[in-house]
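Protein chains in written order, with UniProt numbering: chain A, 1 to 240; chain B, 1 to 240.
Using N, Cα and C, we set each Cβ at its ideal position, and we do this for glycine too.
Bear in mind that the values here come from a model prediction, so they are computed numbers and not experimental data.
Note sheet for the following structure.
There are 2 protein chains.
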Amino acid sequence: MVSATLTKHSDLDGQAPFKGCQENFKQPEGLVGKNPGRKQRLSAHDVLFYEGDKAERLYEVVRGVMMLYKLLPDGRRQVVYILREGDMLGFSNRDFFDCTAEALTEVELQVFEGREISTSPMMQHYVNRCLLSQMENLHEHTVLLGRKSALERVSTFLMGLVPNRGGHGCEGPLEEGQPDTRTVELSMTRQEIADYLGLTIETVSRVISQLKRRGLIKVEKQDSIHISNICGICQLTGMH
Amino acid sequence: MVSATLTKHSDLDGQAPFKGCQENFKQPEGLVGKNPGRKQRLSAHDVLFYEGDKAERLYEVVRGVMMLYKLLPDGRRQVVYILREGDMLGFSNRDFFDCTAEALTEVELQVFEGREISTSPMMQHYVNRCLLSQMENLHEHTVLLGRKSALERVSTFLMGLVPNRGGHGCEGPLEEGQPDTRTVELSMTRQEIADYLGLTIETVSRVISQLKRRGLIKVEKQDSIHISNICGICQLTGMH
DNA sequence: TCAGCAATTTGATTTGGAACAATCGGATTT
DNA sequence: AAATCCGATTGTTCCAAATCAAATTGCTGA
Numbered sequence: 001m002v003s004a005t006l007t008k009h010s011d012l013d014g015q016a017p018f019k020g021c022q023e024n025f026k027q028p029e030g031l032v033g034k035n036p037g038r039k040q041r042l043s044a045h046d047v048l049f050y051e052g053d054k055a056e057r058l059y060e061v062v063r064g065v066m067m068l069y070k071l072l073p074d075g076r077r078q079v080v081y082i083l084r085e086g087d088m089l090g091f092s093n094r095d096f097f098d099c100t101a102e103a104l105t106e107v108e109l110q111v112f113e114g115r116e117i118s119t120s121p122m123m124q125h126y127v128n129r130c131l132l133s134q135m136e137n138l139h140e141h142t143v144l145l146g147r148k149s150a151l152e153r154v155s156t157f158l159m160g161l162v163p164n165r166g167g168h169g170c171e172g173p174l175e176e177g178q179p180d181t182r183t184v185e186l187s188m189t190r191q192e193i194a195d196y197l198g199l200t201i202e203t204v205s206r207v208i209s210q211l212k213r214r215g216l217i218k219v220e221k222q223d224s225i226h227i228s229n230i231c232g233i234c235q236l237t238g239m240h
Numbered sequence: 001m002v003s004a005t006l007t008k009h010s011d012l013d014g015q016a017p018f019k020g021c022q023e024n025f026k027q028p029e030g031l032v033g034k035n036p037g038r039k040q041r042l043s044a045h046d047v048l049f050y051e052g053d054k055a056e057r058l059y060e061v062v063r064g065v066m067m068l069y070k071l072l073p074d075g076r077r078q079v080v081y082i083l084r085e086g087d088m089l090g091f092s093n094r095d096f097f098d099c100t101a102e103a104l105t106e107v108e109l110q111v112f113e114g115r116e117i118s119t120s121p122m123m124q125h126y127v128n129r130c131l132l133s134q135m136e137n138l139h140e141h142t143v144l145l146g147r148k149s150a151l152e153r154v155s156t157f158l159m160g161l162v163p164n165r166g167g168h169g170c171e172g173p174l175e176e177g178q179p180d181t182r183t184v185e186l187s188m189t190r191q192e193i194a195d196y197l198g199l200t201i202e203t204v205s206r207v208i209s210q211l212k213r214r215g216l217i218k219v220e221k222q223d224s225i226h227i228s229n230i231c232g233i234c235q236l237t238g239m240h
């Protein structure tokens with residue numbers, strides 16, 4: 001069922017001039033008929049495609065986390081985007097991918113062939129919505145890379161992992177029966193985080209240790225971080 | 001005549017799965033009929049819209065140069081995109097602009113109302129093409145901000161101003177009667193360049209002086225730079 | 001032509017993060 | 001349980017770019 005895969009942006013409706021056609025999202029039959037629903041699975045660190053590969057299909061992340069990155073000839077790497085459930089990848093302006101796509105965790109993908117996209121207005125609209133969302137995230141990340149300190153970068157990164165941030169009661173104790181949204185899974189090594197934030201592993205590690213020492217976070221099993229003081233971290237992002 | 005305004009991406013055709021519908025670009029009558037062709041003019045440093053303004057129309061840069069930027073609460077600024085002839089702006093995923101748009105030079109814009117975009121497949125395709133192009137440029141700029149040195153940043157910036165770069169004969173003398181593509185107009189102050197490259201004005205100035213001393217460029221009237229040795233600059237971008 | 005001002009350049013100093021170098025800690029293997 | 005491995009952490013030193021501070025250049029208008 002394709003409607004289950006087109007989930008992430010359905011809450012983004014409004015009166016913007018160019019935002020896709022949300023009414024169609026409620027009736028996905030047109031696409032279901034044509035799309036055999038091909039799925040693809042990846043293990044952590046599998047590469048889906050390399051920069052320079054021929055761009056022939058689009059993918060939607062159904063489960064798991066992926067990253068897009070670019071390499072400089074001398075080996076420096078910059079992770080340019082993190083893709084989560086509902087995000088699409090595989091876009092290309094030219095014939096070839098401008099980034100490498102690699103799985104950070106186990107990943108399940110929905111695959112769309114080129115022709116199904118260009119012939120389906122619904123797909124076009126959904127793809128457009130994804131592009132706009134990615135563009136805004138890239139703008140925000142550009143500010144991080146161009147103007148923020150290491151502490152601000154790591155704090156911003158952590159805040160980005162907290163679901164429904166911006167709500168009130170950010171200091172209160174955990175509600176009974178609620179999932180613990182204050183414990184976030186990094187699903188990335190220190191090296192991957194560093195390459196995403198434009199820092200070195202050592203700097204990322206030092207900032208995390210500093211936040212730990214200040215009592216703002218607790219590190220559990222290195223890949224899982226409990227944010228004891230969300231407001232405190234939020235104040236450190238440079239955005240408040 | 002709208003065809004004159006939809007120029008920039010016509011050379012980007014290919015077999016990519018999702019790249020707009022270039023055949024339509026040859027027959028722009030559909031759009032001409034509906035679009036009264038409203039134009040808008042800006043002087044240098046005029047703001048077209050502010051971050052947070054309601055997003056209600058799209059714009060195409062017909063002439064001149066603009067920038068998109070974001071501000072942090074303490075006044076730090078990051079220029080996230082430079083828009084030139086053929087580029088579109090005004091996209092929004094939500095109802096509000098995520099960036100401020102300001103003219104760097106005198107600018108002439110073509111204005112498109114929200115409904116004309118969502119009802120015209122041709123516009124949708126063109127907009128899509130623009131989004132994909134901007135996305136790739138943002139990826140490249142992300143690498144610059146995250147991983148490049150000041151010298152590499154400024155060199156990359158200069159190379160981005162050279163039209164048809166990558167051609168042969170980059171060292172040869174000027175052809176008779178050819179426009180001098182080796183003299184580029186910055187159309188930006190040092191502060192604007194610094195805010196684009198994630199540096200300070202002093203660092204930008206020092207790198208430019210260094211390139212001057214090394215005989216790679218000549219600065220004319222501060223806003224115009226003659227690149228005496230394109231290959232030399234190209235080698236400094238970190239990409240070769 | 002000459003103030004006056006703003007933008008740029010240049011100089012001196014500081015500093016945040018990189019680079020280099022151990023060490024630690026948890027997981028896996030034997 | 002000991003050995004190995006690999007990612008993460010911590011310590012030290014170094015350096016590129018930021019910051020602070022003049023000096024210079026170029027532009028504008030009287």
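Do the CB positions of residue i and residue j come within less than 7 Å of each other?
i, j, result
"SER224/B", "THR105/B", "no"
"GLU102/A", "VAL47/A", "yes"
"GLU56/B", "CYS99/B", "no"
"ARG190/A", "SER209/A", "no"
"PHE91/A", "LEU132/B", "yes"
"THR142/A", "VAL80/B", "yes"
"PHE49/A", "PHE97/A", "yes"
"LEU216/B", "ASN229/B", "yes"
Quick one: what's got a C-beta closer than 8 Å to residue i's C-beta in the same chain, skipping five residues either side?
i, result
"GLU220/A", "THR183, HIS226"
"ASP195/B", "TYR69, ARG77, GLN78, VAL79"
"GLU192/B", "MET67, VAL79, LEU104"
Under 7 Å between C-beta atoms, does residue i make it to chain B?
i, result
"CYS99/A", "yes"
"GLY198/A", "yes"
"GLU136/A", "yes"
"HIS139/A", "yes"
"GLN78/A", "yes"
"SER205/A", "no"
"GLY238/A", "yes"
"PRO28/A", "The predicted model places PRO28/A with a pLDDT of 33, which falls under 50 and marks its position as unreliable; any figure quoted below should be read in that light. Chain B contact via Cβ: absent."
"SER224/A", "no"
"GLY52/A", "no"
"GLN22/A", "Its pLDDT being 33, under 50, GLN22/A is placed unreliably in this model, and the coordinates cannot settle the point."
"ASN164/A", "no"
"PHE49/A", "no"
"LYS221/A", "no"
"LEU132/A", "yes"
"ARG147/A", "yes"
Spatial neighbours of residue i within its chain, please: C-beta separation below 6 Å, excluding the five flanking residues on both sides.
i, result
"ARG38/A", "VAL111"
"GLU113/A", "ARG57"
"CYS130/A", "MET88"
"PRO163/A", "THR181"
"ILE82/B", "MET67"
"GLU202/B", "none"
"VAL65/B", "ARG84, LEU104, THR105, SER187"
With a threshold of 7 Å between beta-carbons, can residue i be considered close to chain A, or not?
i, result
"THR142/B", "yes"
"ILE233/B", "no"
"GLY64/B", "no"
"LYS39/B", "no"
"LEU72/B", "yes"
"ASN229/B", "no"
"ARG190/B", "no"
"PHE157/B", "no"
Thinking residue i and residue j are a contact (beta carbons under 8 Å), I'd like their distance in whole angstroms, please.
i, j, result
"HIS238/A", "GLU152/A", "First, the residue type needs correcting, since residue 238/A is Gly and not His in the sequence shown. Between GLU152/A and GLY238/A the Cβ distance is about 4 Å, and since that is below 8 Å, they are a contact."
"ASP87/A", "VAL127/A", "So it is not a contact: roughly 11 Å between Cβ atoms."
"GLY146/B", "LEU72/A", "Going by Cβ atoms, the distance from GLY146/B to LEU72/A rounds to 10 Å, so no, they are not a contact pair."
"HIS139/B", "LYS70/A", "6 Å"
"residue 265/B", "GLU85/B", "Nothing can be reported for residue 265/B, as the shown portion of chain B is limited to 1 through 240."
Who are the near neighbours of residue i in its chain, counting only those whose CB is closer than 7 Å to its CB and skipping five residues on each side?
i, result
"ASN159/A", "The identity of residue 159/A in the sequence shown is Met, whereas the question assumes Asn. Excluding residues within five positions, the ones whose Cβ falls inside 7 Å are ARG165, ILE233, CYS234, THR237."
"ALA44/A", "ALA103, LEU104, THR105, GLU106"
"SER155/B", "ILE233, LEU236, THR237"
"residue 250/A", "Here chain A covers residues 1 to 240 and nothing more, so residue 250/A does not appear."
For a minimum of 3 consecutive residues, which ranges assigned as the beta strand (DSSP E) are wholly contained in the region 28-100 of chain A? Complete beta strand (DSSP E) runs here, min 3: 39-42, 47-49, 57-63, 66-71, 77-83.
Which runs of the alpha helix (DSSP H) fall wholly inside the region 180-226 of chain A and span at least 4 residues, in chain order? 190-197, 201-213
What runs of the beta strand (DSSP E), each 3 residues or longer, lie entirely inside the region 100-169 of chain A? 100-103, 107-113
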